[in-house]
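For what it's worth, the working numbering labels the leading residue of the sequence shown as 796, then goes sequentially.
Heads up: the structure comes next, in structure tokens.
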Amino acid sequence: MPTEKIRLSRSEQADHRTAVQQLQEWGLIPKTPDQLKSSAALDIRVNPMASQVIELPTGTPYYAIWVELVARQAGLILAYCRITTKWDDQIMLASDEVKRRIPGAPFYPPEQLLNERLEDGLRFRHRGDTVRGMIIAWGVKRIPDVYRDDSIVPFELAFTDSLGNQSSTRAALQVSRRREPEKKMQRAKEDLFGRLRGETMKEKERPDDLVEGTRSDEPEKRRD
């Protein structure tokens, strides 16, 4: 009598996933991100109020994303993290840089950061285990000028576990442009030009006798 298998083994799940991806690439079955997301092994929650992309004085984008990760199965190990925006798909996780202060960027205590744990393989021993913290990353491409200060932009955050399963979510973060050195330099130039312009105007308004020396109203005596 045939029996119905309710749950696949890990190897069978991996084989099934590979087959589905191949069929999708060949166009034989449609891509259904929502269905794949519902069967993900990880719940991802992003706090948009605490997540931002900061334009540093050098113009480099600095991503700071607050996440809450909840395992939906025991023994889960995250092996890879990927962050993408509409303009940049090569965003890289920061490593040693997160341990020092970066001009123009907020500093987060090491215990709040998940970068090192992700690099070592973030582990969830039990189903329901929860991890919260910040993910810091560098952008390769600059923030487009269309996104002004305080703009809200969408992005995608994806994690791949040790078995090749991917869990992803779409969220939003805030743009923060902090070109303080450039602004200070511009203000200094404006102040300098303003002072020079003011001094020039004063020179023009001064009487000729103060500029070229005191003149006598009497005609110059002719020398014999």
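Every residue gets a Cβ at the ideal spot worked out from N, C-alpha and C, and that includes glycine.
Using three-state DSSP, classify Arg-918 as helix, strand or coil. The answer is strand: DSSP assigns Arg-918 an E or B state.
Expressed to the nearest angstrom, what Euclidean distance is found between the alpha-carbon atoms of Ile-849 and Gln-969? The C-alpha of Ile-849 lies about 8 Å from the C-alpha of Gln-969.
If you draw a straight line from the C-alpha of Thr-855 to the C-alpha of Leu-908, how long is it? When rounded, the distance between both Cα atoms is 20 Å.
Roughly how many angstroms separate the alpha carbons of Ala-859 and Arg-943, rounded to a whole number? One Cα belongs to Ala-859, the other to Arg-943, and the distance between them is close to 17 Å.
Let me know the secondary structure DSSP gives Asp-838 once reduced to three states. Asp-838: strand per DSSP, three-state reduction.
Reduced DSSP category for Leu-913 - H, G, I as helix; E, B as strand; rest coil: Reduced to three states, the DSSP call for Leu-913 is helix.
Terminal residues of the beta strand (DSSP E) in which Trp-933 lies: Residues 925 to 933.
Those residues which DSSP pairs with Val-948 across a bridge: Under DSSP, Val-948 takes part in a beta bridge, and its partners are Leu-968.
Let me know if Glu-916 comes out buried or exposed under the rule of 16 or more other beta-carbons within 10 Å of its beta-carbon. Position check: residue 916 holds Gly in this sequence, whereas Glu was assumed. When all chains shown are included, Gly-916 counts as exposed.
Could you check whether the segment 839 to 849 touches the segment 859 to 874, counting it as contact only if at least three pairs of C-beta atoms, one from each stretch, sit closer than 8 Å? Two segments are said to touch when three or more pairs of C-beta atoms, one from each, lie closer than 8 Å; by this definition the segment 839 to 849 touches the segment 859 to 874.
Three-way DSSP call (helix, strand, coil) for Asp-891 in this model: Correct three-state label for Asp-891: helix.
Just to confirm before moving on: does the CB-CB distance between Leu-864 and Ile-839 stay below 8 Å? At the C-beta level, Leu-864 and Ile-839 come within 8 Å of one another.
Three-state secondary structure (DSSP) at Ala-845? It is helical.
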